[in-house]
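Under full-length UniProt numbering, residues 1 to 111 are what the sequence shown spells out, in order. Where a beta carbon is used, it is the ideal one built from N, C-alpha and C, also for glycine. Predicted model only: the values in this text are computed from it and were never measured.
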Amino acid sequence: MCSFSSEQPPYLSLLFPLHPPSSSKRHHHLHFSLHKRRRAQVQEERRRKKMILKREMKMRNLKLYMENQSIIEENDKLRKKALLLHKENQTLLFQLQEKFPNKVTSKPNNS
């Protein structure tokens with residue numbers, strides 16, 4: 001073999017690696033650092049979305065609560081009206097029975 005040969009011997013790459021081990025460790029560390037940063041960004045994004053959803057749910061619940069309160073109030077008003085109408089109906093029926101005692105003997109059935 002000639003000492004001034006242009007070809008490199010095949011074992012030369014084993015003796016002198018192209019990349020020193022420290023540089024590959026740096027790349028490895030860089031990869032983990034990027035991965036860690038990306039994971040933190042994803043977690044922050046999830047946290048923000050969760051907070052937005054919580055806020056939306058609170059607003060929706062508040063609207064439903066207010067709507068329920070107005071329905072309950074209206075229900076109470078209608079119940080009072082129904083009670084007054086029932087009393088008025090009973091009074092009118094009593095007056096009718098006093099006017100015509102023999103003719104009105106049976107109550108109408110509401111079933």
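> Which residues in the same chain as K99 place their Cβ atom closer than 7 Å to its Cβ, once the five residues preceding and following it in sequence are excluded?
Replying inline: For this step, residue 99 is matched to residue 99 along the sequence shown. Annotation for K99: no residue places its beta carbon closer than 7 Å to its own, counting only its chain and skipping 5 residues before and after.
> Helix, strand or coil: which one does DSSP assign to F94?
Replying inline: Walking along the sequence shown from the start, residue 94 turns up at place 94. In the displayed model, F94 falls within a helix according to three-state DSSP.
> Which same chain residues, not among the five before or five after E45, have their C-beta less than 8 Å away from its C-beta?
Replying inline: Within the sequence shown, residue 45 is the residue found at index 45, counting from 1. Same-chain partners within the cutoff: there are none.
> Is F32 helix, strand or coil when you go by DSSP?
Replying inline: What you label residue 32 is simply residue 32 of the sequence shown in a count that begins at 1. In this structure, F32 counts as helix in the three-state DSSP scheme.
> Does DSSP put N102 in a helix, a strand or coil?
Replying inline: By 1-based counting over the sequence shown, the position of residue 102 is 102. For N102, the secondary structure class from DSSP, reduced to helix, strand or coil, is coil.
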